[in-house]
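So the protein sequences, as listed, match chains A and B. According to this note's numbering, the first sequence holds residues 386 to 624 in order. According to this note's numbering, the second sequence holds residues 420 to 897 in order. Yeah, the Cβ is synthetic: ideal placement off N, Cα and C, and Gly gets one too.
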Amino acid sequence: MIPALEARSLSLVRDGTTVLEDVSFTVAPGEIYALLGGNGAGKSTTLLTFLGFLAPSCGSVLVNGRAVAEDVDGARSAIAYLPEAASLYGHLDAYENLGYFLDLAARKVSRAAMDEALDQVALPREARGRRMQSYSKGMRQKTAIALALLRDTPILLLDEPTSGLDPVAIDEFHDMLKGLADAGRSVLMVTHDVYGACQVADRVGLLRGGRLVGSFEAAAGERIDTETVHAAFAAREAA
Amino acid sequence: MSAGLSIAREEWRLWARSRVVLLAGVIVAVLLVVTSALTALRVADEAEARAARQASAEATFLAQPDRHPHRMVHYGHYAFRTPPPLAAFDPGVDAVTGQSIFLEGHRQNTAMFADARAGADLGGFAGLTPANIYQLLLPLLLIIIGHGVLLRERESGTLAVLLAQGQSALTLAGGKALALAGVVGAFLLPVTALAAYGAARGEPALTAALMVAGYGLYLAVWAALILAVSLWVRQRSVALGVLIFVWLLTALVVPRLGINAGSAAIDAPGKIESDLVMLAEQRKLGDGHNAADPAFAALQKQVLEQYGAEKVEELPMNWRGVVAGYSEKKLTDLMNQYAEKRMAQEAEQSRIVTLFGFASPTLAVGAASRTLAGTDLATHHRFLREAEALRFDFVQGLNDLHATKLTFADDAKRSADPEAEKRTRVNAAAWRLLDDFRFVPDPAAARAARAALPLAMLLGWLVLLGGAIVAGARRLRP
């Protein structure tokens with residue numbers, strides 16, 4: 386099976402500093418892969434290489450089996466990207482935001498389809514007509530996920546998606562991600578939340594100083610052991 | 420709907436929902452309405468005053484009884500330059516140079532009716548014209564509205580989302596450019612209305628349309644600069660600082676540098692100073708009122724030879740009138756020589772200042788605006804030349820009467836002999852020699868040709884900034 390995402394010996398040097406070094410991993414269709422690491426580990430940089438915003442100095446990144454360097458438009462059309470701060474327009478309501486981004490993506494979507502996607506992410510109906518500047522971060526995340534659903538992309542790249550969310554919102558978000566993965570979408574999320582990563586991901590990669598220093602996988606029907614990952618994370622960070 | 424139009428439409432929706440933008444728009448609208456009204460009122464007021472003065476002067480002149488023609492030389496009359504319709508938008512140099520000249524013998528008077536009251540009315544507010552608002556304030560407003568046009572997207576993270584979903588950076592920049600073009604279009608509505616009003620009052624359609632196009636080009640330059648800066652810097656506060664700095668430099672500093680450079684390069688004394696210098700040379704020409712002045716000895720010899728006469732009494736015309744006409748001609752040549760030199764210096768200074776338009780779009784649009792409005796220095800100089808030609812014809816007409824209608828004998832003893840004095844009076848019907856002077860603005864094509872260089876400067880700026888926008892868009896990253 387062709388991986389949805391693949392990093393092959395990915396290295397990146399910026400301004401003389403090695404940001405990523407020989408990073409290799411794959412994300413299969415329907416899989417949630419969490420890239421874990423501290424600040425400056427290279428997590429967000431890895432995401433940006435999949436989007437073609439940063440070109441690898443060495444190695445390559447592939448989306449659905451095609452090198453991003455060769456087909457950046459194809460890669461971007463397959464990916465929905467959620468930056469750390471769920472980025473939508475505060476002066477627009479949920480419908481207007483969805484309509485705008487979908488319009489630019491050349492997708493015509495009815496109000497009913499928007500409602501269906503917003504129902505799926507459990508955004509309260511009474512909030513949908515309000516300007517987004519009054520939304521909580523969780524509500525903005527939900528709307529951004531609804532946008533990904535409506536764009537119908539097979540791959541989601543999430544940058545610190547649960548940072549700033551309360552525990553209930555995090556649980557809701559994780560449930561939503563699992564549902565998306567069950568529906569066949571691949572998710573690559575970068576986070577420094579060990580517990581959250583172990584809760585939701587099928588596999589966890591541990592990134593430190595631009596190198597992938599550990600990989601953890603859940604046994605069938607079980608979750609990744611948080612204690613093990615935490616110990617590895619803490620040990621590596623201490624090192 | 421194309422992506423670029425969608426992006427522009429979204430930007431317009433943001434601005435429409437922004438109180439800051441709406442407030443700024445209201446302020447500009449009020450300023451434009453007030454300045455347009457004040458400028459139009461002032462222009463109408465001055466036109467009325469000029470017309471009254473002209474009517475009064477002409478009535479006084481024509482009401483003169485039978486007189487000695489030389490006395491009429493000093494009654495004189497006015498030459499007026501009625502401001503063209505677009506002067507209500509851009510009074511240009513008229514506010515400084517004046518628009519009417521009192522024409523009389525032996526002197527070239529300074530133009531009058533300069534806008535000396537500006538500054539007294541409403542504490543100087545009357546000095547702010549619609550053209551000033553377009554040249555100085557609207558770029559500032561564009562900066563306030565547009566400096567975050569792309570950086571807002573970057574800072575809020577929506578730029579990353581847009582680019583990540585495959586939106587081309589060039590299309591994004593194009594959409595933002597279209598959004599800013601929409602604001603420029605809205606800003607052009609008042610000048611379009613004023614130009615249309617001008618056209619309805621006789622302004623050629625070409626100059627009226629070029630006036631709108633010139634300001635459209637100027638504001639487009641600012642919009643392009645704003646977009647380029649928004650593409651090349653990474654923080655909104657930095658972009659705002661850079662744009663304000665550029666505004667200060669190009670709208671306030673460079674124009675003054677240009678003026679200083681013009682003054683330093685070309686030392687042009689004003690009319691009063693050059694008149695004082697001219698006085699010394701003028702004295703050498705002799706006194707035209709005194710036919711026995713040695714300065715006219717050579718002329719006397721030549722004329723006597725020409726007519727085979729021994730003395731001036733034998734000439735078939737009045738020698739005093741001949742001397743008056745000759746003297747006026749010599750004096751006028753001298754005055755014109757000084758005037759032409761002064762005007763050439765002023766024109767060269769103006770040319771140097773206009774060349775600074777390569778460094779300041781504000782200077783470029785100002786030059787184009789004055790030229791198209793017919794309120795530039797070249798138009799004023801043509802008015803001075805035409806008024807002087809009128810003055811010369813008028814004075815020489817009276818000198819001809821002096822030479823041909825009066826006998827030398829009567830003229831020589833008129834102070835002592837009341838009968839002779841009566842015979843030196845010319846019938847008042849002759850005072851109708853006044854030409855009906857009408858100053859016609861340059862044809863539209865001529866004004867357009869003169870405005871071509873500053874307009875080309877603006878176009879150059881736009882092309883340059885267009886290149887910076889394309890280059891900035893190509894390197895755009897979240």
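Which residues DSSP lists as bridging residue i, in chain order
| i | result |
| --- | --- |
| HIS496 of chain B | B:LEU522 |
| GLU602 of chain A | A:ARG588 |
| ASP675 of chain B | The sequence shown places Arg at residue 675 of chain B, not Asp. Per DSSP, none; premise fails for ARG675 of chain B. |
| TYR466 of chain A | A:LEU542 |
| LEU420 of chain A | A:VAL575 and A:GLY590 |
| CYS583 of chain A | The partner list for CYS583 of chain A (beta bridge, DSSP) is empty, contrary to what the question assumes. |
Under 8 Å from the C-beta of residue i: neighbouring residues of chain B
| i | result |
| --- | --- |
| PHE486 of chain A | VAL580, LEU581 and GLN584 |
| ALA470 of chain A | SER575 and GLY576 |
| LEU473 of chain A | THR577 and VAL580 |
| ASP458 of chain A | GLY585 |
| ARG536 of chain A | GLN584 |
Three-way DSSP call (helix, strand, coil) for residue i in this model
| i | result |
| --- | --- |
| ASP540 of chain B | Any answer about ASP540 of chain B is weak, because its pLDDT of 44 lies below 50 and its placement is not dependable; what the coordinates show is given next. Looking at ASP540 of chain B - three-state DSSP - the assignment turns out to be helix. |
| GLU406 of chain A | strand |
| ALA545 of chain B | For ALA545 of chain B, the pLDDT reaches just 46, beneath the cut-off of 50, and the residue's location in the model is therefore unreliable, although a value from the coordinates is still provided. The answer is helix: DSSP assigns ALA545 of chain B an H, G or I state. |
| MET697 of chain B | helix |
| GLU622 of chain B | coil |
| VAL652 of chain B | coil |
| MET736 of chain B | coil |
| SER834 of chain B | coil |
| GLU391 of chain A | strand |
| ARG608 of chain A | coil |
| VAL448 of chain A | strand |
| LEU597 of chain A | strand |
| ARG399 of chain A | strand |
| GLN527 of chain B | strand |
| VAL412 of chain A | strand |
Residue i: contacting residues in chain A (beta-carbon distance under 7 Å)
| i | result |
| --- | --- |
| ALA422 of chain B | LEU489 |
| GLU429 of chain B | TYR485 |
| PRO897 of chain B | PHE438 |
| LEU433 of chain B | HIS476 |
Amino acids of chain B, ordered along the chain, whose beta-carbon sits closer than 9 Å to that of residue i
| i | result |
| --- | --- |
| ARG461 of chain A | LEU582, ALA583, GLN584, GLY585 and GLN586 |
| ILE530 of chain A | Per Cβ cutoff of 9 Å: no residues; ILE530 of chain A is ~12 Å from chain B at best. |
Interface partners of residue i on chain A, CB under 8 Å
| i | result |
| --- | --- |
| ARG436 of chain B | HIS476 |
Interface residues of chain D facing residue i [CB-CB closer than 9 Å]
| i | result |
| --- | --- |
| SER425 of chain B | Among the protein chains of the structure shown, namely A and B, there is no chain D. |
Contact set between residue i and chain B, taken where Cβ atoms lie within less than 7 Å
| i | result |
| --- | --- |
| ILE464 of chain A | ALA583 |
Do the segment 454 to 472 of chain A and the segment 572 to 584 of chain B make contact, defined as three or more Cβ pairs closer than 8 Å? Verdict: yes, contact present.
Is it a yes or a no for the segment 508 to 520 of chain A touching the segment 431 to 450 of chain A, going by three-plus beta-carbon pairs under 8 Å? Contact between the segment 508 to 520 of chain A and the segment 431 to 450 of chain A is not established, with fewer than three Cβ pairs separated by less than 8 Å.
Taking the runs of the alpha helix (DSSP H) that are 4 residues or longer, which of them lie wholly in the segment 433 to 510 of chain B? Counting whole runs of 4 or more residues, the segment 433 to 510 of chain B contains the alpha helix (DSSP H) stretches 438 to 481 and 488 to 492.
Check whether the segment 849 to 865 of chain B touches the segment 618 to 636 of chain B, taking contact to mean three or more Cβ pairs, one atom from each stretch, closer than 8 Å. With the cut-off at 8 Å, the segment 849 to 865 of chain B and the segment 618 to 636 of chain B touch.
Is the segment 466 to 486 of chain B touching the segment 788 to 805 of chain B, taking contact as three or more C-beta pairs under 8 Å? With a cut-off of 8 Å, the segment 788 to 805 of chain B and the segment 466 to 486 of chain B do not count as touching, because too few Cβ pairs lie within range.
Unbroken stretches of the alpha helix (DSSP H), 4 residues or longer, contained in the segment 817 to 883 of chain B: 827 to 832 and 837 to 842, all fully within the segment 817 to 883 of chain B.
For the structure I just gave you, are there three or more beta carbon pairs, one from the segment 644 to 659 of chain B and one from the segment 749 to 764 of chain B, closer than 8 Å? The segment 644 to 659 of chain B is not in contact with the segment 749 to 764 of chain B.
Taking only runs that begin and end inside the segment 474 to 514 of chain A, name each unbroken alpha helix (DSSP H) of 4 or more residues, in chain order. Fully enclosed alpha helix (DSSP H) runs of 4 or longer: 479 to 489 and 496 to 505.
Do three or more CB pairs link the segment 561 to 578 of chain A to the segment 408 to 415 of chain A at distances below 8 Å? Flag = yes, the segment 561 to 578 of chain A and the segment 408 to 415 of chain A touch.
Would you list, in sequence order, the uninterrupted alpha helix (DSSP H) runs of no fewer than 4 residues that lie entirely inside the segment 514 to 569 of chain A? As summarised for the segment 514 to 569 of chain A, the continuous alpha helix (DSSP H) elements at least 4 residues long and confined to that stretch are 522 to 536 and 552 to 567, given in chain order.
Are three or more beta carbon pairs between the segment 728 to 742 of chain B and the segment 655 to 669 of chain B nearer than 8 Å? Counting C-beta pairs closer than 8 Å gives fewer than three between the segment 728 to 742 of chain B and the segment 655 to 669 of chain B, which falls short of the contact rule.
Check whether the segment 841 to 853 of chain B touches the segment 881 to 888 of chain B, counting contact only when three or more Cβ pairs, one atom from each stretch, lie closer than 8 Å. Contact check between the segment 841 to 853 of chain B and the segment 881 to 888 of chain B: fewer than three CB pairs, one atom from each, fall below 8 Å, which does not count as touching.
Looking at C-beta atoms only, is the number of pairs between the segment 544 to 553 of chain A and the segment 414 to 422 of chain A that lie closer than 8 Å three or more? At 8 Å Cβ cutoff, the stretches do not touch.
Contact between the segment 475 to 484 of chain A and the segment 550 to 562 of chain A (3+ Cβ pairs under 8 Å): These segments do not touch.
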